[in-house]
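Protein chains in written order, with the numbering used here: chain C, 5 to 565; chain Z, 5 to 565.
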């Protein structure tokens with residue numbers, strides 16, 4: 005059984021460090037007033053946690069034991085704490101302080117779909133709440149039971165449903181159990197020459213079912229699609245029985261039930277299996293780095309790329325603050341690195357490129373050698389017309405290696421009394437510059453209001469013909485004398501409210517949960533919320549399925565009062 | 005005000021004829037026992053129709069007049085008959101006989117979105133039923149009021165909402181009123197250098213709002229996407245007020261409300277506006293014809309194309325029966341045509357290709373000259389490995405010219421006492437051969453059961469990475485002494501039931517309506533239907549919005565009892 009740290013991201017043995025990155029400590033000192041040696045803000049010890057007793061009636065306990073076998077029904081403290089929340093900044097701060105949520109009363113680990121059915125039946129019979137749990141990486145509050153929930157709460161950990169059941173090699177469709185983690189999914193597919201190609205930041209610690217339940221998007225969505233595109237068929241254990249969505253390529257069967265399950269965050273049932281599009285492992289795979297003279301030009305270049313006949317696998321470009329941060333995390337350079345770096349500096353200077361404005365971008369290419377080289381040439385021509393220069397494979401390879409390590413940084417910063425978080429959105433290309441400017445201003449106004457030294461940076465990723473995602477990361481050391489989470493709220497609110505005020509969406513791929521629910525009506529309008537209410541309330545009238553997430557139904561509002 | 009024939013397809017001045025197609029009359033004689041000169045089964049005259057009085061209470065009438073102005077509120081007989089049904093085979097047969105449906109009591113033509121709001125408000129205040137009407141081309145029974153509907157029925161004709169309001173040239177997004185017809189939409193976009201690229205068979209007589217409400221797919225969906233892909237933003241007048249879906253490229257806001265409106269057939273409200281993806285008019289556009297030695301090889305070639313790095317705009321291949329039909333509709337050949345045709349015949353003979361097994365396919369290429377020529381070469385290589393030969397631009401150009409004329413053939417055949425209809429589906433590539441074989445067998449078993457001479461033919465179109473659409477057309481002259489629509493039902497049922505029995509979907513792009521509703525649960529499973537019920541019933545508790553379509557809600561069941 006794999007589980008993340010109860011107080012932070014990832015595995016116990018892995019953490020982020022500045023020690024092999026000579027430029028990072030000065031960067032953090034300069035921009036966030038952090039002394040990296042002062043790491044005294046550590047989490048409380050597990051022994052210090054006050055874990056309330058589990059409230060599972062014996063009839064429910066017996067039914068769960070019958071469903072999955074006694075060894076897979078757990079009321080252990082660590083299990084209940086790990087399954088109580090996801091990994092939002094708020095979640096991390098609270099857990100580190102020992103401020104626990106409404107813990108699940110019991111964690112069950114079914115082995116297969118029939119066992120999930122039995123668990124759900126036991127829950128409904130016992131009027132309990134079920135909250136499906138994949139990898140626990142959600143950062144929108146999708147996993148926490150309502151504080152006042154008086155019914156027994158069951159966390160259904162799907163991690164034993166971890167197998168690729170079948171690959172239809174003719175159609176490129178893999179039938180997969182929903183609890184499989186990213187690396188395990190790829191390993192099983194790769195062994196037969198296939199890839200799903202879904203690589204979110206959380207990849208190493210998140211599951212297929214979790215991706216589907218939150219409308220996840222991977223770094224290579226330009227080629228492989230968002231999870232909503234690559235999920236063709238579905239099976240889910242619902243209040244009305246087994247939902248079975250056939251894996252057809254497209255269909256005209258009324259409002260799409262497949263799209264209702266995508267992003268449903270457990271409210272319509274527990275996803276037990278999906279049939280996903282798979283692709284042959286590419287013959288060639290290259291990620292090239294590019295430097296753009298400034299942000300507006302970088303966005304314009306990416307937009308032109310999206311409108312062109314080129315079909316890259318990955319597009320991403322950082323704004324100047326993120327580019328500067330990225331450079332500051334370089335490992336100790338070799339003598340050759342120094343020579344290269346100096347030569348590049350002189351070259352940029354000769355071209356009149358302002359190093360404070362420069363933006364680091366990546367484009368990933370996949371396919372046959374012929375395809376990759378044709379696409380590289382086409383992108384080279386297109387980017388040149390925007391004043392960009394290609395800096396080769398080195399930075400791209402580095403990005404590719406460390407892309408899943410980023411989430412560890414938050415724990416590193418929390419150890420140093422600094423809050424860091426992310427907020428991301430999507431908008432049409434025409435709005436992106438405005439959304440960017442306004443969000444940066446709003447966040448900085450938030451820092452000013454708090455009287456703190458803050459940093460905010462952004463990258464564009466996930467290109468579509470119509471627009472792209474903007475992904476913001478912000479950090480600051482809270483001012484003394486005021487609750488840090490209240491200060492976090494000021495900045496988070498400023499960023500999110502600016503998304504919806506500027507015509508963007510509340511989230512491109514992080515789901516709604518409880519964290520984003522207050523912006524839902526501003527994003528999808530009152531009737532949009534009313535449709536979701538009708539669906540959720542009508543389909544789960546007892547509010548047994550992860551109540552309180554996305555929109556509040558009448559019943560959960562009553563429960564919470 | 006444009007309107008189709010009340011008894012058939014398209015404009016009064018246009019009809020299908022065999023006269024310029026020397027091979028067609030013998031073909032129809034041979035395969036359907038039709039004597040083309042015997043065209044005595046004509047529709048009844050309009051004067052013979054018994055049109056019941058309109059039941060609009062005066063308060064509702066006044067409210068509608070206030071909403072849209074007196075000249076746009078019509079209770080004229082022709083208006084009510086034209087708006088009573090779509091154009092399914094059943095619709096055509098009934099209308100030709102003078103067997104009218106539950107006619108709408110009134111047809112209103114709002115000029116803009118505020119007028120649609122006013123109409124809907126009047127309808128709700130008067131407990132009336134509203135049925136949105138675009139071009140009236142639906143062939144699944146989506147437009148007909150329930151026979152026993154006792155409330156006033158208002159057909160809301162959107163055809164005055166016909167303008168492209170704005171094109172965001174940076175994002176390639178056009179904001180368009182929902183009532184615009186295909187040709188008008190393309191004309192307005194083309195004038196500014198853009199295209200939507202959505203070309204369903206019904207293109208000339210259907211509207212953007214109708215495409216969205218039925219999850220339509222166009223012939224060039226390989227490039228431009230289904231309507232579900234190209235519709236980014238939406239505005240709709242709903243029971244809960246104005247629904248506004250932002251045109252963001254992708255979003256993570258819970259179950260997709262955008263996807264709930266797609267295929268909603270008026271049950272969730274009236275779509276007033278959409279923001280759709282547009283593309284620059286391509287520099288080059290070519291459709292090439294290919295001959296495949298046999299059907300299995302043709303499907304395999306198309307599947308390999310879908311898995312390749314080539315991105316054509318259109319893919320289509322006919323089975324041998326449809327290929328034979330297609331050849332039989334050739335215009336009177338020129339001497340040069342005859343020489344070419346003879347040469348081709350000798351060439352195929354030398355290659356050992358059996359003309360009875362040969363399959364005619366098309367691939368459309370669009371883009372820059374460079375892109376088109378590279379893609380043509382790649383497809384040429386790929387198809388060669390499946391034994392196909394390219395027969396140049398002639399057949400493709402012909403297909404492109406006459407692609408919107410096909411629906412007229414049904415009226416031509418009905419005039420000759422012959423029933424013809426279409427049924428289409430989608431399935432993964434691995435299932436397509438089996439679905440095809442079983443549907444052909446089932447239909448032929450149906451013909452045998454009826455003791456009739458029948459013809460069924462098929463093409464594959466709309467390729468996706470995972471699968472494709474199979475589009476069947478069948479025809480037969482009903483046996484004497486038994487209700488023709490009962491005989492039609494035998495064949496239609498055999499085909500549709502085989503779709504769902506074989507793992508395919510009940511429709512790829514023709515919607516559910518009332519015609520396909522009985523297969524819905526077999527396709528999307530009981531819980532899928534329950535989700536739709538929860539949504540429709542919870543969001544429109546008064547069942548004022550096109551009741552009885554897709555799934556029956558409790559209220560409409562009561563009404564219909």
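For each residue, glycine too, the CB sits at the ideal point set by N, CA and C.
Determine the direct distance from the alpha carbon of residue j to that of residue i, and round the result to whole angstroms.
i                     : j                     : result
residue 534 (chain Z) : residue 505 (chain Z) : 21 Å
residue 221 (chain C) : residue 234 (chain C) : 10 Å
residue 333 (chain Z) : residue 26 (chain Z)  : 8 Å
residue 288 (chain C) : residue 375 (chain C) : 9 Å
residue 360 (chain C) : residue 319 (chain C) : 22 Å
residue 559 (chain Z) : residue 136 (chain Z) : Residue placement at residue 559 (chain Z) is flagged as unreliable, the pLDDT there being 46, under the threshold of 50; a coordinate-derived value is accordingly withheld.
residue 68 (chain C)  : residue 139 (chain C) : 21 Å
residue 325 (chain C) : residue 476 (chain C) : 11 Å
residue 471 (chain C) : residue 525 (chain C) : 22 Å
residue 419 (chain Z) : residue 14 (chain Z)  : 15 Å
residue 567 (chain Z) : residue 328 (chain Z) : With chain Z represented from 5 up to 565, any question about residue 567 (chain Z) goes unanswered, as that position is not in the structure.
residue 290 (chain C) : residue 163 (chain Z) : 51 Å
residue 104 (chain C) : residue 40 (chain C)  : 28 Å
residue 74 (chain C)  : residue 554 (chain Z) : 45 Å
residue 313 (chain C) : residue 371 (chain Z) : 8 Å
residue 513 (chain C) : residue 364 (chain C) : 23 Å
residue 200 (chain Z) : residue 280 (chain Z) : 7 Å
From the DSSP output, read off the bridge partner residues of residue i.
i                     : result
residue 279 (chain C) : C:179, C:237
residue 364 (chain Z) : Z:295
residue 387 (chain C) : Answer is none; residue 387 (chain C) lacks a bridge partner.
residue 284 (chain C) : C:198
residue 423 (chain C) : C:480
residue 154 (chain Z) : Note: residue 154 (chain Z) sits in no beta bridge, so no partner.
residue 21 (chain Z)  : DSSP output for residue 21 (chain Z) lists no bridge partner at all.
residue 172 (chain C) : C:177
Using a Cβ cut-off of 7 Å (strictly closer), state whether residue i contacts chain C.
i                     : result
residue 560 (chain Z) : Here the model assigns residue 560 (chain Z) a pLDDT of 47, short of 50, so the residue's position is not dependable, and the following value carries that caveat. With 7 Å as the cut-off, residue 560 (chain Z) does not count as an interface residue toward chain C.
residue 513 (chain Z) : yes
residue 535 (chain Z) : yes
residue 239 (chain Z) : no
residue 40 (chain Z)  : no
residue 529 (chain Z) : yes
residue 506 (chain Z) : no
residue 219 (chain Z) : yes
So that I know if they touch, is there some Cβ in chain Z lying closer than 7 Å to that of residue i?
i                     : result
residue 497 (chain C) : no
residue 518 (chain C) : no
residue 281 (chain C) : yes
residue 432 (chain C) : yes
residue 319 (chain C) : no
residue 350 (chain C) : no
residue 375 (chain C) : yes
From the beta carbon of residue i, is the nearest beta carbon of chain A less than 7 Å away?
i                     : result
residue 236 (chain Z) : The chain inventory of the structure shown lacks chain A, comprising the protein chains C and Z.
Would you call the stretch 536 to 547 of chain Z and the stretch 533 to 541 of chain C in contact, with 3 or more CB pairs under 8 Å?
-> yes
What residues from the stretch 134 to 152 of chain Z come within 8 Å of chain C, judged by C-beta to C-beta, listed N to C?
-> none
Does the stretch 264 to 280 of chain Z touch the stretch 299 to 306 of chain Z, meaning 3 or more C-beta pairs lie closer than 8 Å?
-> no
Do the stretch 107 to 123 of chain Z and the stretch 543 to 558 of chain Z touch if we need at least three Cβ pairs shorter than 8 Å?
-> no
When you check each C-beta in the stretch 250 to 266 of chain C against every C-beta of chain Z, which residues fall closer than 9 Å?
-> 250, 251, 252, 253, 254, 255, 256, 257, 258, 259, 260, 261, 262, 263, 264, 265, 266
At least three beta-carbon pairs within less than 8 Å, the stretch 193 to 200 of chain Z to the stretch 237 to 244 of chain Z | no
Does the stretch 409 to 416 of chain Z come close enough to the stretch 80 to 100 of chain Z that 3 or more CB-CB pairs lie under 8 Å?
-> yes
Listed in chain order, which residues of the stretch 451 to 478 of chain Z have Cβ atoms closer than 9 Å to some Cβ of chain C?
-> 466, 467, 468, 469, 470, 471, 472, 473
Three-pair Cβ contact test at 8 Å for the stretch 346 to 357 of chain C versus the stretch 247 to 265 of chain C = no
Residues, ordered as in the chain, of the stretch 105 to 136 of chain C that lie near chain Z by beta-carbon distance below 7 Å | none
Would you check if the stretch 201 to 219 of chain C and the stretch 178 to 187 of chain C touch, i.e. whether three or more CB-CB distances between them fall below 8 Å?
-> yes
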